[in-house]
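Quick notes on the structure that follows.
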Amino acid sequence: LRVVDFSRYLCLLFLSTLIASIYVLIVTPEVQVIGASAGVFGLFGAHCALKFNRYLPASISAYSNRFIVVLILIEFVGEVFASGISSASHLGGGLAGYALMRVILYFNPSNRIYESTPVEKGLAIFLTFAYAAGLLRFLWLAAHA
Numbered sequence: 152l153r154v155v156d157f158s159r160y161l162c163l164l165f166l167s168t169l170i171a172s173i174y175v176l177i178v179t180p181e182v183q184v185i186g187a188s189a190g191v192f193g194l195f196g197a198h199c200a201l202k203f204n205r206y207l208p209a210s211i212s213a214y215s216n217r218f219i220v221v222l223i224l225i226e227f228v229g230e231v232f233a234s235g236i237s238s239a240s241h242l243g244g245g246l247a248g249y250a251l252m253r254v255i256l257y258f259n260p261s262n263r264i265y266e267s268t269p270v271e272k273g274l275a276i277f278l279t280f281a282y283a284a285g286l287l288r289f290l291w292l293a294a295h296a
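Adding 151 to a residue's 1-based position in the sequence shown gives its number in this note's numbering.
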């Protein structure tokens, strides 16, 4: 089942990560974060937006209810018992993914959300290279610190 094409998938992943990073800078400026988990939570947020707007078949929707509850429980346990996990980043990524998917659904009333526009394809390519460049810069700075 293809609900979102590859370009929109990349845009959701990278924009959720970027927005979550900005959210962490605002909420907890003393904390430095790196990783893609916020983007993964953004994909979960996008999934919730699709679920709440009934774009998913009932079989996927029923299974995802259990998965989302388990994910929230794991996040809660990780926050309480583990250090080094940025719950603010995960929350920001989830909210960003939900909001981004709502925007996609709003501007695609024909229910053809699985086809991205040329602008989205270009944005996906740009975000992929920007994310890779940022990661390489971080690794280079960490190696030379």
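Where is the CB? At the ideal position from N, CA and C, for every residue including glycine. Just so we're clear, the structure is a prediction, and the values are computed from it rather than from any experiment.
For the alpha helix (DSSP H) that contains residue i, what are its first and last residues?
i    : result
E288 : At residue 288 the sequence reads Arg, which differs from the Glu that was named. Residues 269-294.
S238 : 238-257
G190 : 188-203
L164 : 157-178
For residue i, which residues from the same chain have a beta carbon less than 7 Å from its beta carbon, with the 5 sequence-adjacent residues on both sides left out?
i    : result
A247 : L166, S167, I170, A171, G193, G196
A275 : S158, L161, C162
According to the neighbour-count rule (16 or more other Cβ atoms, all chains shown, within 10 Å of its Cβ), is residue i buried or exposed?
i    : result
L152 : Caution applies to L152, whose pLDDT of 48 falls short of 50 and renders its modelled position unreliable; the value that the coordinates give is listed next. Exposed, because fewer than 16 other Cβ atoms sit within 10 Å of the Cβ of L152.
Y174 : buried
A294 : exposed
G245 : buried
L201 : buried
I255 : buried
V270 : exposed
G273 : exposed
G235 : exposed
Are residue i and residue j touching if we call contact CB-CB under 8 Å?
i    : j    : result
G190 : L164 : yes
C199 : Y249 : yes
V154 : Y206 : yes
Can you give the beta carbon distance from residue i to residue j, rounded, assuming they're within the 8 Å contact cut?
i    : j    : result
S238 : E230 : 5 Å
D156 : E266 : 6 Å
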